[in-house]
Amino acid sequence: MASVLRGALFALAGLFLLTPAAPALAQRSDCILDNCADRRPPRQGYDRNYDGGRREGGYDRFRDRDRAQPRGASRGGDFDFYVLSLSWSSGFCATGGADKGKAQCDRGAGLGFVVHGLWPQYERGYPSDCGGGPVSSIALEQARGLFPDMGLARYEWRKHGTCSGKSPADYFGDVRRARNMIVIPPQFEHARGDQSMSPQDILRAFGDSNPRLRPGMAAVGCRSGVLQEVRICLSKDLRDFRPCPEVARASCRTRELDVPGPL
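What follows is the structure, given as structure tokens:
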């Protein structure tokens, strides 16, 4: 009897050894053969904090974590929409810009909102530094009157414009088109002195002056309780505003902001 029982146990053990293991369930992150070929590189998080501009001569100044894609990982023209960043000059100058000796901060310049940049954006994250040649003086003429100085125009082309898939002249032409889409609210266009406004007040003012600009399509950037910029999301073809949840979520949450009057 014992020998029969031992034989049955050995047979059962052999059956388990010969039975193939059940395959693991595929995860969403798994890449199977050529199904991965058309995937974009991993997208990085949207830069949330406008840090007042301590890098690159004070221009691209809203990073506390530089989480753009690594150089070479992004392809020009491969993006979902644009973010037009409009810098409030006196706020920029009050929080460090004046220390950089920028012409934007010259007394009597009287600048209000100026173009900081037109940024290709993913639904989550953004491309950066997509490669490209230097900007010619002819192409820079397209940028004249949009940026506070030509150094910023060159920098914005290198960091963001190269990801548009356009030539420098065409990119700066798109910057002008994007800027011309925006009506600056009278509270800012005709500002005479310092004001105090909440981020919601600022977004509401832009919505009143631009009726198609609805909640969830723009954000306010601030630093140390001072208005720095307004970021507005535009369709890739620059025909309309569009929702941008990640950008909108990054909006300043300070209850009241100082809005310094023009210099």
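Numbering (this note's numbering), first residue to last: 662 to 924.
Heads up, the beta-carbon is just placed ideally off N, CA and C, and yes, glycines get one too.
Classify Ser828 as helix, strand or coil using the three-state DSSP reduction.
Here residue 828 corresponds to residue number 167 of the sequence shown, with the count starting at 1. Reduced to three states, the DSSP call for Ser828 is coil.
DSSP state of Pro847, grouped into three classes?
Here residue 847 refers to the residue found at position 186 when the sequence shown is read from its first residue. Three-state result, Pro847: helix.
Candidates Leu813, Pro904, Cys766: closest to Val836 by CA position
Numbered from 1 along the sequence shown, position 175 holds the residue referred to as residue 836. Val836 has its Cα closest to that of Leu813, out of Leu813, Pro904, Cys766.
Do you know how far the Cα of Gly778 is from the Cα of Trp818?
Indexing the sequence shown from 1 puts residue 818 at position 157. Indexing the sequence shown from 1 puts residue 778 at position 117. About 9 Å.
Considering only the alpha carbon of each residue, which of Ser896, Ser859, Ala852, Arg853 lies closest to Arg873?
Within the sequence shown, the letter at position 212 stands for residue 873. It is Ser896 whose Cα lies nearest to the Cα of Arg873.
Does DSSP classify Gly752 as helix, strand or coil?
The sequence position of residue 752 within the sequence shown is 91, counting from 1. In this structure, Gly752 counts as helix in the three-state DSSP scheme.
Taking just the CA atoms, how far does Ser828 sit from Asp862?
Taking the first residue of the sequence shown as 1, we reach residue 862 at position 201. Taking the first residue of the sequence shown as 1, we reach residue 828 at position 167. Taking C-alpha positions only, Asp862 is separated from Ser828 by approximately 37 Å.
Pull up the distance between the alpha-carbon of Val891 and that of Ser748, whole angstroms please.
If you number the sequence shown from 1, residue 891 lands on position 230. If you number the sequence shown from 1, residue 748 lands on position 87. Val891 and Ser748: Cα-Cα distance of roughly 7 Å.
Own chain partners of Thr915 with C-beta closer than 6 Å, once the 5 adjacent residues on each side are dropped:
In the sequence shown, the residue the question calls residue 915 occupies position 254. Residues of the same chain with a CB within less than 6 Å of the CB of Thr915, apart from the 5 flanking positions on each side, are Cys883, Gly886 in chain order.
Where DSSP assigns a beta bridge to Cys883, which residues make up the other side?
Along the sequence shown, one-based indexing puts residue 883 at 222. DSSP lists Leu888 as the bridge partner or partners of Cys883.
So the alpha helix (DSSP H) Gly812 belongs to, where does it begin and stop?
Counted from its first residue, the sequence shown places residue 812 at position 151. Residues 811-820.
Status (buried if at least 16 other CB within 10 Å, exposed otherwise) for Arg910:
Here residue 910 is taken as the residue at index 249 of the sequence shown, counted from 1. Result: exposed.
So which of Ser746, Lys763, Gly773 has the shortest CA-CA distance to Gly854?
Along the sequence shown, one-based indexing puts residue 854 at 193. Out of Ser746, Lys763, Gly773, Gly773 has the C-alpha closest to the C-alpha of Gly854.
Is Val908 helix, strand or coil when you go by DSSP?
Taking the first residue of the sequence shown as position 1, residue 908 is located at position 247. The answer is helix: DSSP assigns Val908 an H, G or I state.
Let me confirm a value: Val844 is counted as buried when at least 16 other C-beta atoms fall within 10 Å, else exposed. Which label applies?
Looking up residue 844 in the sequence shown gives position 183. Exposed, because fewer than 16 other Cβ atoms sit within 10 Å of the Cβ of Val844.
Taking the alpha-carbon positions, what's the Gly737 to Ser825 distance?
Counted from its first residue, the sequence shown places residue 737 at position 76. Counted from its first residue, the sequence shown places residue 825 at position 164. When rounded, the distance between both Cα atoms is 5 Å.
If you measure between the beta carbons of Leu801 and Ala839, is that distance less than 8 Å?
Reading the sequence shown from its first residue, position 140 is the one you call residue 801. Reading the sequence shown from its first residue, position 178 is the one you call residue 839. Taking 8 Å as the Cβ cut-off, Leu801 and Ala839 do not qualify as a contacting pair.
Use the C-beta contact count for Ile893: other C-beta atoms within 10 angstroms, 16 or more gives buried, fewer gives exposed.
Position 232 of the sequence shown holds residue 893. Buried is the call here.
Extent of the continuous alpha helix (DSSP H) to which Asp790 belongs:
Reading the sequence shown from its first residue, position 129 is the one you call residue 790. Asp790 -> no alpha helix (DSSP H), and no H or E assigned at all.
I believe Met858 touches Leu918 by the beta-carbon criterion, under 8 Å. Please report the beta-carbon distance rounded to the nearest angstrom.
Looking up residue 858 in the sequence shown gives position 197. Looking up residue 918 in the sequence shown gives position 257. Yes, Met858 and Leu918 are in contact; Cβ-Cβ is about 6 Å, under 8 Å.
Would Lys820 pass as a contact of Asp790 if the rule is Cβ separation under 8 Å?
As a first step, residue 820 is located in the sequence shown; it is residue number 159 there, counting from the start. As a first step, residue 790 is located in the sequence shown; it is residue number 129 there, counting from the start. Result yes, Cβ atoms of Lys820 and Asp790 sit closer than 8 Å.
Over the uninterrupted alpha helix (DSSP H) stretch that includes Asp919, give me the two end residues.
The residue labelled residue 919 in the question sits at position 258 within the sequence shown. Looking at the DSSP string, Asp919 is not in any alpha helix (DSSP H); the run it does join, the beta strand (DSSP E), is 918-920.
Helix, strand or coil: which one does DSSP assign to Leu864?
Residue 864 sits at position 203 when you count from the first residue of the sequence shown. Three-state result, Leu864: helix.
Leu801: first and last residue of the uninterrupted alpha helix (DSSP H) it sits in
In the sequence shown, residue 801 corresponds to position 140, counting from 1. Looking at the DSSP string, the run of the alpha helix (DSSP H) that includes Leu801 is 798-802.
On a CA-only basis, which of Thr823, Tyr832, Gln848 is nearest Gly792? Give me that one, please.
Taking the sequence shown and counting its residues from 1, one reaches residue 792 at position 131. Considering only alpha carbons, the answer is Thr823.
Buried or exposed by the 16-neighbour rule on C-beta atoms within 10 Å, applied to Arg815:
Mapped onto the sequence shown, residue 815 falls at position 154. Result: buried.
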